[in-house]
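Residue numbers (this note's numbering), protein chains in the order written: chain A, 1 to 294; chain B, 1 to 142; chain C, 1 to 361; chain D, 1 to 139. Ideal placement from N, C-alpha and C gives every residue a C-beta, glycine not left out. Nothing here was measured: the structure is a model prediction, and the numbers come from that model. Worksheet: the structure to be examined is printed underneath.
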Amino acid sequence: MSLNPLISIFIIPGLLFTSVMTFLYAGVYRKVRARMQNRRGPPFLQPFYDFVKLLSKDSVKPEKAGALFTWAPVIALASILVVPMLFPVWGLSFAGDVIVVIYVLNMSSIMLAVGGFSSASPFGAVGGSREVTQLFAYELPLAISIVAVAVRAGSFSLAGIAEAQEVHGMLFYQLPFACIAFLSIIPAKIGLQPFDIPEAEQEILGGPLVEYSGYRLAIFTLSNQVKMFTVISLAVILFFWKNWWMFLITGGLLWLVFIFIKIISARVKTEQSFVFFWNYMAVLAVIDLVRVVI
Amino acid sequence: MLDKMVNYCRKKSPWLLHVSCGSCNNCDIEILAALAPRFDVERFGGVLKPNPRHADIIVVTGIISLKMRDVLKRLYEQTMEPKAAVAIGSCAITKGIFNETYASYGPADKVIPVAAYIPGCPPRPQAILHGVVTALNALWGE
Amino acid sequence: MDVVVQFGPQHLALAEPERLRVHAEGEKVVNVDIAMGYNHRGIEKLAERKTYEQDILLVERICGICSMSHPVAFTQAVEDIANVTVPERANYSRMIIAELERIHSHLLWAGIAAEIIGIETLFMYIWRDREFVLDQLEIITGNRNHYAWNTVGGCRKDITEKHIPGLLTALDVVERRTEYYIDSFLRNRTIKARLVGTGILPREDARRLCTVGPLARASGYAVDVRKDDPHLAYDKVDFEKIVLDEEDNMARAKVRLLEIIESVKIIRQAVTALRELSGGEIAVKVKQIPPGEGVGRYEAPRGEVFHYVRSNGTFYPERVKIRAPTYANVQAVPVMLQGDTLGDVPITLASIDPCFCCTDR
Amino acid sequence: MVTASELEETLRTHLREDVLEFTLARRNRVFSKVRNGSHRQAVKLFQDMGGHLSVITSVDLGEELELVYHFELHPLQVSLKTSAPRGNPRIETISDIYPSAAWYEREAMEMMGITVVNHPDPRHLFLPDDYTEYPLRRF
């Protein structure tokens, strides 16, 4: 299927579809978490209510905050919204390169850190530095596992990777270690326990978001929620691709798994996440890379 | 129409900022207990937020002790409009048993405007939930 | 990069207003400065203006969690001055309420600690089970907290046969669930990663800084007023003093959770004893408090509660001094935080089970 | 394990006539008063016996202001008193012997207006820094 570019920007897979999926993911997250904790939980539409309420609230910029304070959430949202368009699911002509996807994804993390630094609050600064540290921690296994995938599929484009899986079956079977390494990165990427170190509400009051309010906070929250959907989808495309409806189902199941992991784990510390990613996950990814190359 | 929707969303998503200003801890614990499964304030969309910038409803407990008055004022100013304050427990309403103390600037409404009062020493979690929901309806309901 | 991070006075992890100014180098803690007094209510002064009976209700409102410990310590001090011996039945029923309070306080702590290290589910589970204990307290005393159970010379109400079956059932539930929580604290890897080896308080420092309660016991400094200075009926029941020497946050968690099991044991024995004593007096009348001075000590969930009462023969006490366990323990926090990272600050502070409203009074 | 008579004997040998009172009350409670200045010596003795400092109370007696040091000397509970005249309430610190006494002395300073000599950190503890009254004074 081929779509009009305008439609593709604003409806599928652009703003509207991604937002709907995002609110669905976030709603499932809130509800499932509550049910697993023996509570009734908020209504499914809760993330949407929160979003509208935040948009309608006042928003202030601290006096000492830099100009990037306002732009960081916008850039974060814009860059994260680009990613779903690069997925090969929609049949768009510019199905993207996996390296581009990774760097556009990182853009939103970096913007979170920038927002934290520019908000002129010690909690924001600590949160920002934790975000950057976190980025360094998971970047290595992320890069290695993606290279392993690309080499195995013989292509660096997402479409090529998907095609290869349609022909040879899911890459998960061929690269199980790289897959585990990649999946372990997801909680760090989207800020779930055990790796929600930058946002830790009980330690640094929400880290980079500490000075944000009103529409700026709404945009940041939305971009974080879009990230949940996007990163999960990316994992599905890289390792579990079959066809477009299986793509949605696998994504949902994977999401449930991550909610479950979040629920049963505590937040680890920065050093511990470094040790985890570099000593274990990077090694796993390397094993598969070596297997593929040989 | 849009107004109606926005008000509905505000009613459905109260983020609470809990400020304890010299209480005996009991109201604070009952507020936390309202989060727990038996009472579950999240049914109404309520979440306890650590940060005044994110909050809508300020939940005040305790007599306003000497050192907390300015802190409470500042937290109230930092909270974004639209906002409301709820005084929880006898101490925050009338200073309760600590009425004659030297170490207080008076009940909460002498320091910040208070929208709702939830009496009790301590109020039960059900009372807290009921009070907050009633206040929400009064503020942004039909 | 040098940062000064200020925890509080309003902070999610603390719930109570207290300020902790942490000087950090990057993430490493260099220095900690604790400022108290945000919760100061002038209770010691108020106590001089109220009669002894009113003071019991006042000291109950020092803290919502220790609302049995303070009255017990206070009435003991006053009973010493008046030279009254409390009836056995009152001792046992005081002990039952006090131990129920210990259970609910320790469960509360475990929940908060879990919340602080980010495992929200455990918080929800533990607080759900804590409600069973609160239910029993409500059925027996009439309120979830602030029990108004004590009077000078005994108790105001009685635990009767109709309360006992429900109490025993709740104890069974609590015991079973606590074993599950001990298991999850010991086996969940992420919890272990956060608690083991952080917030170390060496035994020597625990002794030097005169710490009390589970904090001291987790550092191998075996102080427990229930054993050292027997009061109520603690010398007539059989229980163990939990002492560990691992010195870290995990040891404190273990001490508290294991104490819940001991408390359950104590209550069961007390209930049996209470049944044998059926029909006994629950209070002696005290007409006048003679001039004198008395010291009341009681092992509250957080450690030793210390009350010093001086009477001048009137209806009003001349001086009431209240020392809550956190007052003694919080001075150990800077020692415990030496060399830890910023992420450890909330859990290490929480590991002493701080009760700042007791401390500030 | 110390008994009350042993404790009295030790105190009287070391402090001699500076021990003004010594009484044993119910349940192993010991109350003793010493002359201002020699309390440090007594506190050092308690430390050598393995004492545990519970708290320091300040009391307003009218003519005099009193500090009461509460120690646990298993199985005794010792309250050691010392007082200073109201016009010049100077009592020397014990925070170099027991570090945890520092906070209790700060409280005594702000609440009762007792000047604790040689205190390492004489800021207010509970009251705001600009609070000038002494709330616990009675007369």
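Since serine 100/D meets chain C, which of its residues come closer than 7 Å, beta carbon to beta carbon?
Position 100 of the fourth sequence, counted from the start, is the residue given in the question as residue 100/D. Leu209, Cys210, Ala328 and Gln331, listed in chain order.
Roughly how many angstroms separate the alpha carbons of valine 132/A and lysine 262/A, rounded to a whole number?
The residue given as residue 132/A occupies position 132 in the first sequence. The residue given as residue 262/A occupies position 262 in the first sequence. Valine 132/A and lysine 262/A: Cα-Cα distance of roughly 21 Å.
With a threshold of 8 Å between beta carbons, is isoleucine 159/C in contact with chain B?
Here residue 159/C refers to the residue found at position 159 of the third sequence. Not an interface residue.
Kindly list, in the order they appear in chain C, the residues whose Cβ is closer than 8 Å to that of threonine 57/D.
Counted from its first residue, the fourth sequence places residue 57/D at position 57. Those are Tyr308, Arg319 and Lys321, listed as they occur along chain C.
Report the neighbours of arginine 40/A on chain B: residues whose CB is nearer than 9 Å to its CB, in chain order.
The residue you call residue 40/A lines up with position 40 of the first sequence. Pro37, Asp40, Glu42 and Arg43, listed in chain order.
Could you give the C-beta distance for alanine 108/B and isoleucine 64/B, rounded to a whole number, given that I count them as a contact under 8 Å?
As a first step, residue 108/B must be located in the second sequence, where it is residue number 108. As a first step, residue 64/B must be located in the second sequence, where it is residue number 64. Yes, they are in contact, since the Cβ atoms of alanine 108/B and isoleucine 64/B sit about 6 Å apart, within 8 Å.
Listed in chain order, which residues of the segment 281-303 of chain C have Cβ atoms closer than 9 Å to some Cβ of chain D?
Under the 9 Å Cβ criterion, the segment 281-303 of chain C contributes Gly292, Glu293, Gly294, Val295 and Arg297.
Rounded to whole angstroms, how far is the Cβ of glycine 199/C from the Cβ of methionine 336/C, which I believe are closer than 8 Å?
Your numbering for residue 199/C matches position 199 in the third sequence. Your numbering for residue 336/C matches position 336 in the third sequence. Yes, glycine 199/C and methionine 336/C are in contact; Cβ-Cβ is about 5 Å, under 8 Å.
With 16 as the cutoff for other CB atoms within 10 Å, does leucine 248/A come out buried or exposed?
Position 248 of the first sequence, counted from the start, is the residue given in the question as residue 248/A. Classification of leucine 248/A: exposed, given that the 10 Å Cβ count is below 16.
Could you spell out the range, first to last residue, of the beta strand (DSSP E) harbouring tryptophan 71/A?
Numbered from 1 along the first sequence, position 71 holds the residue referred to as residue 71/A. Premise fails: tryptophan 71/A lies in the alpha helix (DSSP H), 68-85, not in any beta strand (DSSP E).
Starting from asparagine 83/C, find everything on chain D with Cβ-Cβ shorter than 8 Å and list it in chain order.
Here residue 83/C refers to the residue found at position 83 when the third sequence is read from its first residue. The answer, in chain order, is Arg26.
Taking 8 Å as the threshold (C-beta atoms), are glycine 64/C and cysteine 21/B in contact?
Residue mapping note: residue 21/B aligns to position 21 of the second sequence, counting from 1. Residue mapping note: residue 64/C aligns to position 64 of the third sequence, counting from 1. It is not a contact, given that the beta carbons lie outside the stated cut-off.
Three or more C-beta pairs closer than 8 Å, one from the segment 124-132 of chain C and one from the segment 324-342 of chain C: is that the case here?
No, the segment 124-132 of chain C does not touch the segment 324-342 of chain C.
Along the alpha helix (DSSP H) that carries glycine 127/A, what are the first and last residues, could you check?
The residue given as residue 127/A occupies position 127 in the first sequence. Element bounds for glycine 127/A: 122-153.
Between Pro301/C, Glu16/C and Lys265/C, which lies nearest to alanine 170/C when the distance is taken from Cα to Cα?
Numbered from its first residue, the third sequence carries residue 170/C at position 170. The shortest Cα separation from alanine 170/C among Pro301/C, Glu16/C and Lys265/C belongs to Lys265/C.
Give the DSSP-derived three-state secondary structure of glycine 41/A in the structure shown.
As a first step, residue 41/A must be located in the first sequence, where it is residue number 41. Residue state, collapsed to three classes: coil.
Answer with yes or no whether the minimum CB distance from valine 5/C to chain A is below 8 Å.
As a working mapping, residue 5/C is identified with position 5 in the third sequence. Interface residue, yes.
Report yes or no: is there a C-beta of chain A within less than 8 Å of the C-beta of threonine 190/C?
Along the third sequence, one-based indexing puts residue 190/C at 190. Yes, threonine 190/C lies at the interface with chain A (some Cβ there is under 8 Å from its Cβ).
Does lysine 67/B get closer than 8 Å to chain C when you measure Cβ to Cβ?
Position 67 of the second sequence, counted from the start, is the residue given in the question as residue 67/B. Yes, contact with chain C.
With DSSP as the reference, label isoleucine 118/B as helix, strand or coil.
Start at 1 with the first residue of the second sequence, and residue 118/B comes out as number 118. In this structure, isoleucine 118/B counts as strand in the three-state DSSP scheme.
When you compare only the Cα positions, how much space is there between leucine 349/C and glycine 116/A?
Numbered from its first residue, the third sequence carries residue 349/C at position 349. Numbered from its first residue, the first sequence carries residue 116/A at position 116. Spanning the two alpha carbons is a distance of roughly 25 Å.
Would alanine 47/C and tyrosine 298/C qualify as a contact pair, given that the criterion is a beta-carbon distance under 8 Å?
Walking along the third sequence from the start, residue 47/C turns up at place 47. Walking along the third sequence from the start, residue 298/C turns up at place 298. In this structure, tyrosine 298/C does not lie closer than 8 Å to alanine 47/C by Cβ.
Output yes or no for whether 8 Å exceeds the beta carbon distance between threonine 18/A and valine 268/A.
Locating residue 18/A in the first sequence gives position 18, counting from the first residue. Locating residue 268/A in the first sequence gives position 268, counting from the first residue. No, they are not a contact pair.
Report the option in Asn51/B, Lys11/B and Cys27/B whose CA atom is closest to the CA atom of phenylalanine 48/A.
Taking the first residue of the first sequence as 1, we reach residue 48/A at position 48. It is Lys11/B whose Cα lies nearest to the Cα of phenylalanine 48/A.
Determine, using beta-carbon pairs with one atom in the segment 65-84 of chain B and one in the segment 26-40 of chain B, whether at least three such pairs fall under 8 Å.
No, the segment 65-84 of chain B does not touch the segment 26-40 of chain B.
State the DSSP-derived secondary structure class of threonine 151/C, mapped to helix, strand or coil.
Taking the third sequence and counting its residues from 1, one reaches residue 151/C at position 151. Looking at threonine 151/C - three-state DSSP - the assignment turns out to be strand.
Give the DSSP-derived three-state secondary structure of serine 20/B in the structure shown.
The count along the second sequence starts at 1 and reaches residue 20/B at position 20. Reduced to three states, the DSSP call for serine 20/B is strand.
Going by DSSP, which residues form a beta bridge with tryptophan 245/A?
For the purposes of this step, residue 245/A is taken as residue 245 along the first sequence, with counting starting at 1. None, per the DSSP bridge assignment.
Helix, strand or coil for glutamine 77/D, going by three-state DSSP, please let me know.
In the fourth sequence, residue 77/D corresponds to position 77, counting from 1. In this structure, glutamine 77/D counts as strand in the three-state DSSP scheme.
Could you check which residue in Asp60/D, Met1/D, Pro85/D and Arg26/D has the C-alpha nearest to that of methionine 49/D?
Position 49 of the fourth sequence, counting from 1, holds the residue named residue 49/D. Among Asp60/D, Met1/D, Pro85/D and Arg26/D, the Cα nearest to that of methionine 49/D belongs to Met1/D.
Would you check if the distance between the CB atom of glutamate 79/C and the CB atom of valine 152/C is smaller than 8 Å?
Position 79 of the third sequence, counting from 1, holds the residue named residue 79/C. Position 152 of the third sequence, counting from 1, holds the residue named residue 152/C. Against a cut-off of 8 Å, the Cβ pair of valine 152/C and glutamate 79/C comes out as a contact.
Of all the options Pro82/B, Val6/B and Met5/B, which has the alpha carbon lying nearest to the alpha carbon of leucine 16/B?
Translated into the one-based positions of the second sequence, residue 16/B becomes position 16. Looking at the Cα atoms, Pro82/B is the closest of the given residues.
Using a Cβ-Cβ cutoff of less than 8 Å, which residues in the same chain neighbour valine 284/C once the five nearest sequence positions on both sides are dropped?
Here the question's residue 284/C lines up with position 284 in the third sequence. Same-chain partners within the cutoff: Val84, Thr85, Val86, Pro87, Gly153 and Gly154.
Of all the alpha helix (DSSP H) runs that stay within the bounds of the segment 214-281 of chain C, which reach a length of 4 or more residues?
If we require 4 residues or more, the alpha helix (DSSP H) runs fully inside the segment 214-281 of chain C come out as 225-228 and 249-276.
How many Å lie between alanine 108/D and phenylalanine 276/A at the Cα?
Indexing the fourth sequence from 1 puts residue 108/D at position 108. Indexing the first sequence from 1 puts residue 276/A at position 276. About 51 Å.
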